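Below is one structure; the comments refer to it alone.
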Amino acid sequence: MVRNLVKIFSKYKIWLLVISTLNIMFGVFLWLIDAKGFIYIFPTTVIGSIMLYSFVGFRIYNIDKRKKEAILDFIENPEFNQEELCLSFSSSKEEKEMIHVIGVKLREKNDLIKQQDLNLKEYEEYIEKWAHEIKTPLALMTFVLDNRKEEISLPTYQRLEYARTKMQEDIERMLYYARVKSDHLDYLFTDILLDEICRDVIEEYKILIDEQKISINNNVKKIQVFSDKKGLSFLLRQVLSNSIKYKDIGESNSFITMSTKVNEKSGDIILTIRDNGIGVKSYDLPFLFDKGFTGDAGQQRKQSTGMGLYLAKQVADNLKIKVEVSKEYKDGFEISLLFPIIENKI
Numbered sequence: 001m002v003r004n005l006v007k008i009f010s011k012y013k014i015w016l017l018v019i020s021t022l023n024i025m026f027g028v029f030l031w032l033i034d035a036k037g038f039i040y041i042f043p044t045t046v047i048g049s050i051m052l053y054s055f056v057g058f059r060i061y062n063i064d065k066r067k068k069e070a071i072l073d074f075i076e077n078p079e080f081n082q083e084e085l086c087l088s089f090s091s092s093k094e095e096k097e098m099i100h101v102i103g104v105k106l107r108e109k110n111d112l113i114k115q116q117d118l119n120l121k122e123y124e125e126y127i128e129k130w131a132h133e134i135k136t137p138l139a140l141m142t143f144v145l146d147n148r149k150e151e152i153s154l155p156t157y158q159r160l161e162y163a164r165t166k167m168q169e170d171i172e173r174m175l176y177y178a179r180v181k182s183d184h185l186d187y188l189f190t191d192i193l194l195d196e197i198c199r200d201v202i203e204e205y206k207i208l209i210d211e212q213k214i215s216i217n218n219n220v221k222k223i224q225v226f227s228d229k230k231g232l233s234f235l236l237r238q239v240l241s242n243s244i245k246y247k248d249i250g251e252s253n254s255f256i257t258m259s260t261k262v263n264e265k266s267g268d269i270i271l272t273i274r275d276n277g278i279g280v281k282s283y284d285l286p287f288l289f290d291k292g293f294t295g296d297a298g299q300q301r302k303q304s305t306g307m308g309l310y311l312a313k314q315v316a317d318n319l320k321i322k323v324e325v326s327k328e329y330k331d332g333f334e335i336s337l338l339f340p341i342i343e344n345k346i
């Protein structure tokens, strides 16, 4: 407050200087006319002037404070009543016209933003509805592949299974993208055995793993974590899918290794997934989880959308799982998921 008062006095210093000069001149004339009266009258005049300065300063401070608050409220909510309040603090015609013009522009912008928000919400609802509707033909395709496998040649079956898995991945990513942007997250945290959930995810990709001739080394121990099963499954599927997709074609012994350990210092449970695929360039690592980032890793990443690891990181953050990518591992790609120890579960 004192600082604001100093600013006000500094702003109106020219008037303070004029009034002070007049007081001095009055004091000089008074002294010349009546030296005895000067001793009694001039100090009273000075004290009165100081009191007047203080009163005017506090008055201006309060008006400026209310004006500032009114302007901030007007910018936040440019309705007509807020505009009228701002106009009441303005004395000049030019300033009032400027406030009115600003109000019109702000209201136009707000209307445009509201319309864009409505259009975006309708678009998201349409995409989410489409993603749910496409599950019906996808389920039919799965049913045919599972029950008519012997009637289809192996190469055809593998191609169809790859297409089915790819469609399912894309739909799931789309739904999770809408989910992570939602105001309400419906995660259900329960006790989960890491070895079981890893085994289930590997089983989902078994056909693709076999087709790509990738060896799976599942060294995940029977360790219990507290997390959301669907979210964690999605996270693991994105990492495993990347390892399969970006295998090194020139490598004859491709592998994916999944292992667990417990950090002795922090007590965190660490799930590490490592492969000997094409890996990620060191200069790409800081941007690996950015939306739409595909990096520089040859022909295999040209068809990538850059959404898989971005969504995986978003889900991991929601589940309070820390994601770390190894900079030292040079023979492929290594990613670790750190699960915190939950002592008091609600």
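Per full-length UniProt numbering, residue 1 is the first one in the sequence shown, and the count goes up by one each step. Just so it is clear, CB atoms sit at the ideal spot from N, CA and C, and this is done for glycine as well. All of these numbers come straight from a predicted model, not from anything done at the bench.
Between the beta-carbon of PHE89 and that of ARG66 there is about 7 Å, and that keeps the pair under the 8 Å contact cut.
The beta carbon of ASP191 sits closer than 7 Å to those of GLN224, PHE226, all from its chain and outside the five residues before and after it, given in chain order. Annotation: VAL323 to LEU337 spans about 5 Å, alpha carbon to alpha carbon.
Taking C-alpha positions only, ASP290 is separated from LYS206 by approximately 29 Å.
At a cut-off of 3 residues, the continuous stretches assigned as beta strand (DSSP E) that sit fully inside the region 244–316 are 255–262, 269–275.
Residue environment for THR260: buried (at least 16 other C-beta atoms within 10 angstroms of its C-beta). For GLU328, there is no enclosing beta strand (DSSP E), as DSSP marks it with neither H nor E. If you ignore the 5 residues before and after ILE99, its C-beta comes within less than 8 Å of the C-beta of PHE74, GLU83, CYS86, LEU87, SER90, all in its own chain and listed in chain order.
Of the candidates LEU309, LEU232, ASP331, LYS230, ASP331 places its Cα closest to the Cα of ASN276. For MET51, the number of other beta carbons within 10 angstroms of its own is below 16, and it is reported as exposed.
In the assembly as shown, GLN115 is an exposed residue. Its beta-carbon has fewer than 16 other beta-carbons within 10 Å. DSSP, reduced to helix, strand and coil, places VAL220 outside both helices and strands of the structure shown, so it counts as coil. In the three-state reduction of the DSSP assignment, ILE192 falls in the strand class, which pools E and B. In the displayed model, LYS322 falls within a strand according to three-state DSSP. By the Cβ criterion, the region 305–313 is in contact with the region 170–182, since at least three pairs of Cβ atoms, one from each stretch, lie closer than 8 Å. In the DSSP assignment, ARG66 falls within the unbroken alpha helix (DSSP H) covering 35–76. Residue environment for GLY37: exposed (fewer than 16 other C-beta atoms within 10 angstroms of its C-beta). Taking a C-beta distance under 7 Å as the contact criterion, GLY57 and PHE42 do not qualify as a contact pair. In the DSSP assignment, GLU125 falls within the unbroken alpha helix (DSSP H) covering 93–133. By the neighbour-count criterion, in which a residue is buried when 16 or more other Cβ atoms sit within 10 angstroms of its Cβ, ALA316 is buried. The Cβ neighbour count for LYS129, taken over all protein chains shown within 10 Å, is under 16; the residue is labelled exposed.
Excluding its 5 nearest sequence neighbours in each direction, GLU124 has C-beta neighbours in its own chain below 7 Å: ALA178, listed in chain order. Between the C-alpha atoms of VAL104 and ASN110 there is a straight-line separation of about 10 Å.
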